[in-house]
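In what follows, a structure is listed as structure tokens, so that the remarks can point back to it.
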Amino acid sequence: SAHVRVSRGTPDADPLALWTLVAGNGVRWLGIGFFVPFLPLFIGGRGGGAGLVGMVFAARLAGSALGQYPGGWLSDRWGSRPVVVVSLGLFALGFPMYLLPIPSLALVGIGFAHSLVSGLYEPAARSVLAEQVDPARRGRAYSRLQASTEAGLLLGPAAGGLAANLSLAVVFWAAAGICLAATLPLLRLPGRTRSEPVVPAAGSEGIPAPAPTVLRRMLPLIAFVGPVFWMFAVLNTVSILYVQSRGAGPAQVGVYYAAFSMPVVVLGAVWPGLPDRLGYVRAAALALLSLAVTGILFPLLTSVTLLIGLSFAMGVVTMPILSAGWAEISRRAPPGGQGRAQALGLISITALQAAASLVSGATYQVRPALAFWTITAVSLTGLAAGLALDRWHAPPPS
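Okay, here's the thing in structure tokens:
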């Protein structure tokens, strides 16, 4: 199959698009950061245990996965801006639905529907960067986008922790208002432009590759990035319950959750070119070997302070692979199929997160350490599989 070649001398189509997206994306994730760390506490207050928490997070991930390919398809067909704005507006309106007087098991359905509309956003937002930024600088661009995500997750949980001390209901209403506010800068996103730097490789006929072919190109990247998102699911699903069991209150839970985001924000602002410098293979090796050690250490720690420090360390080692991996996915996308390529990568990774939510929720009830040991097993497996697959599916030198 034809591979994508990278042109290194083409200027960005609209440099302002990057900063517009970064601003809106950061505000969006500020609202999500208000909400996600305290969802397990909310479910527990409604009578649900770790198993129901795992089911709700798995349903949210399943809904997100089902929305991602339509989001990518709509982005390719109608442009990324309307998909970004409409999906974010609908997502904001979904937060108060959790507060309805419904049985706790119904939160599984609410979580699914809420994330279904959110799933439309991610491939469209990532397509904006691929359409507007030169391939040689996409690692830097995705680094800044990731930094804006983590900036929201850094500030959101800390502020949400203060709000949660008043009432968990305040958390949901605040998240809705913040996400509605995030649509304002995104209304200024430029319309889709033709991505000139990305062209078919020599000898190809310029025919867009079918989805299975695109997915095969991205398998090494999914293997490299997937374990990081497995860790995210464990972090969201059960690690907060573990930190709470060690004596952390709502404010400390917010600090613990935000500690992961802090180094990602700093590195993205101070050294955004780090992912391009490392490359996706070296960045993956750094991240996955470190996460393998983290999975062993986590259940051995009983100090909330040390657990917050470990969360910070995870942010340091995972930032480069997140940006480098998405940049490489954008480079391997077929002409006219950027949205679908981003969606296929997101769907694969979201499926891993859904599995991680179910597995970690179930194993945590048996023995908490088992949930964290899955991070070690998945990280080592992903590194070995990614290295092997990269030999078979790597594109030829540019």
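Residue numbers for the sequence shown follow my numbering, so the first one is 9 and each next one is one higher. The C-beta atom is built at its ideal place from N, Cα and C for all residues, glycine as well.
| Asked | Found |
| --- | --- |
| Proximity below 8 Å, CB of T245 to CB of S368 | yes |
| Close-in-space but distant-in-sequence residues of the same chain around V261 (CB under 7 Å, 5 per side omitted) | P45, G169, I248, V251 and Q252 |
| Limits of the unbroken alpha helix (DSSP H) element including G57 | Careful: G57 lies outside any alpha helix (DSSP H) and carries neither H nor E. |
| Nearest-angstrom Cα separation, counted from A100 out to L188 | 6 Å |
| At least three beta-carbon pairs within less than 8 Å, the segment 346-353 to the segment 117-135 | yes |
| Cα-Cα separation between A171 and R290, rounded to whole angstroms | 40 Å |
| Stretch-stretch touch, CB-based, cutoff 8 Å, three pairs: the segment 62-79 with the segment 172-191 | no |
| Cβ neighbour criterion (16 or more within 10 Å) applied to N33 | buried |
| Presumed contact (8 Å Cβ cut-off) between V324 and P271, rounded CB distance | 4 Å |
| Same chain, Cβ closer than 7 Å to S6, five either side skipped, listed in chain order | Since the first residue of the chain shown is 9 and the last is 406, residue 6 is not available in this structure. |
| Inter-residue spacing [alpha-carbon to alpha-carbon] between I51 and L366 | 16 Å |
| Neighbourhood of S95 by C-beta, 6 Å cutoff - its chain only, sequence neighbours within 5 removed | V125, L128 and Y129 |
| Runs of alpha helix (DSSP H) wholly within the segment 95-156 (minimum 4 residues, chain order) | 115-127 and 129-140 |
| Same chain only: Cβ atoms within 7 Å of L309, ignoring 5 sequence neighbours per side | L315 and L318 |
| Exposure of R68, with buried meaning 16 or more beta-carbon neighbours within 10 Å | buried |
| Span separating the alpha-carbon of R152 from that of G276 | 5 Å |
| Cα-Cα separation between L3 and R145, rounded to whole angstroms | Any answer about residue 3 is impossible in this case: the structure gives the chain only from 9 up to 406. |
| L137 vs A149 beta-carbon contact at 8 Å | yes |
| For S123 and S72, the rounded distance between their alpha carbons | 5 Å |
| Span separating the alpha-carbon of A155 from that of P220 | 31 Å |
| Alpha-carbon spacing of S9 relative to D142, whole angstroms | Unreliable positioning characterises S9 in this predicted model, as indicated by a pLDDT of 33, which lies under 50. The coordinate reading is nonetheless provided below. Going by the C-alpha atoms only, they are around 23 Å apart. |
| Residue burial classification, I329 (beta-carbon count within 10 angstroms, cutoff 16) | buried |
| Straight-line Cα distance separating G80 from L74 | 11 Å |
| Residue range of the alpha helix (DSSP H) that includes V253 | A quick correction: the sequence has Ser, not Val, at residue 253. Here the alpha helix (DSSP H) through S253 covers I248 to S253. |
| Option in R225, L108 and R399 with minimal Cα separation from R340 | R225 |
| N- and C-terminal bounds of the alpha helix (DSSP H) containing T310 | It is not in any alpha helix (DSSP H) - T310 carries neither H nor E in the DSSP assignment. |
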